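Undergrad: My questions all concern the structure below.
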Amino acid sequence: MFYCKQTNDYLPAPEAVMVTGITPQECNEKGLSEPEFAANILAEFSQPNTCVMGYNNIRYDDEMTRYTFYRNFIDPYEYSWKNGNSRWDLLDLVRACYALRPEGINWAYDDDGMPSFRLEKLTKANGIEHENAHDAMADVYATIAMAKIN
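Letter by letter, the sequence shown follows residues 4 to 153 of this note's numbering.
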């Protein structure tokens, strides 16, 4: 896992610290400068025939990645198509399963009876361990486990 040092002109949202459990002090202690951080992410994502996959990553993580690359003078789109690379969002497949083949997955519902596609709710409904929702590695393992449901 890579950490990025904070810039001196930015204060993180307290909500983000509470959700992730990652403090600014931890980032500054373990982190790389933003250009180094971006270069490391690019190196991982740019390996040939890589499919960057996540849960809601196309609407959140990919946006943050592109913004970081743009700020650091890196082509913000190339990693997702060059060298046979691609990207995929499991959330879209989960929504399609709910609409087209709902059996096989235990669905989670909000208090108003509407389906919830939140990863932490779906993992709980399906007996998948997901202790630290929004922790990067915990979310990775939970996403992989959700992808394996048949």
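Built from N, CA and C at the ideal position, the CB exists for glycine as well. None of the values given here were measured: they were computed from a predicted structure.
Note down, in chain order, each residue of its chain lying with its Cβ closer than 7 Å to the Cβ of Y82, except the 5 sequence neighbours on either side.
TA: Numbered from 1 along the sequence shown, position 79 holds the residue referred to as residue 82. Correct list, in chain order: L45, F48, S49 and N88.
Undergrad: Below 8 Å between beta carbons: does that hold for A4 and A139?
TA: Position 1 of the sequence shown, counted from the start, is the residue given in the question as residue 4. Position 136 of the sequence shown, counted from the start, is the residue given in the question as residue 139. According to the sequence as given, residue 4 is Met; it is not Ala. Yes, Cβ-Cβ distance for M4 and A139 is below 8 Å.
Undergrad: Considering only the beta carbon of each residue, do A41 and N11 sit closer than 8 Å?
TA: The sequence position of residue 41 within the sequence shown is 38, counting from 1. The sequence position of residue 11 within the sequence shown is 8, counting from 1. It is not a contact, given that the beta carbons lie outside the stated cut-off.
Undergrad: Can you name the start and end residues of the beta strand (DSSP E) that C7 belongs to?
TA: Your numbering for residue 7 matches position 4 in the sequence shown. Careful: C7 lies outside any beta strand (DSSP E) and carries neither H nor E.
Undergrad: Leaving out five residues on either side along the sequence, give the residues of the same chain with a beta carbon under 7 Å from the beta carbon of Y101.
TA: Numbered from 1 along the sequence shown, position 98 holds the residue referred to as residue 101. W110 and P118.
Undergrad: Span of the alpha helix (DSSP H) holding R98?
TA: Residue numbering aside, residue 98 sits at position 95 when the sequence shown is read from its first letter. Residues L93 to L103.
Undergrad: Rounded to a whole number of angstroms, what is the C-alpha to C-alpha distance between Y144 and H133?
TA: The count along the sequence shown starts at 1 and reaches residue 144 at position 141. The count along the sequence shown starts at 1 and reaches residue 133 at position 130. Separation of Y144 and H133 (C-alpha to C-alpha, rounded to the nearest whole angstrom) is 8 Å.
Undergrad: So who's on the other strand from C54, going by DSSP bridges?
TA: Walking along the sequence shown from the start, residue 54 turns up at place 51. Answer is S89.
Undergrad: Are there any heavy atoms of the ligand GDP lying less than 7 Å away from the beta-carbon of P51, as far as the coordinates show?
TA: Judged by which ligands are present, the structure shown has none, so any question about the ligand GDP falls away.
Undergrad: Would you mind working out which of P38, I61 and T126 sits nearest Y112, comparing C-alpha positions?
TA: Locating residue 112 in the sequence shown gives position 109, where the first residue counts as 1. Of the candidates P38, I61 and T126, the one whose C-alpha sits nearest the C-alpha of Y112 is T126.
Undergrad: Just mark M149 as buried or exposed, buried being the case when its beta carbon has 16 or more other beta carbons within 10 Å.
TA: Mapped onto the sequence shown, residue 149 falls at position 146. M149 is buried by the Cβ-count criterion.
Undergrad: Could you spell out the range, first to last residue, of the alpha helix (DSSP H) harbouring A136?
TA: Taking the sequence shown and counting its residues from 1, one reaches residue 136 at position 133. Premise fails: A136 is in no alpha helix (DSSP H) and is neither H nor E.
Undergrad: If I follow the unbroken alpha helix (DSSP H) through F40, where does it start and stop?
TA: Here residue 40 refers to the residue found at position 37 when the sequence shown is read from its first residue. E37 to F48 is the span of the alpha helix (DSSP H), which, as asked, contains F40.
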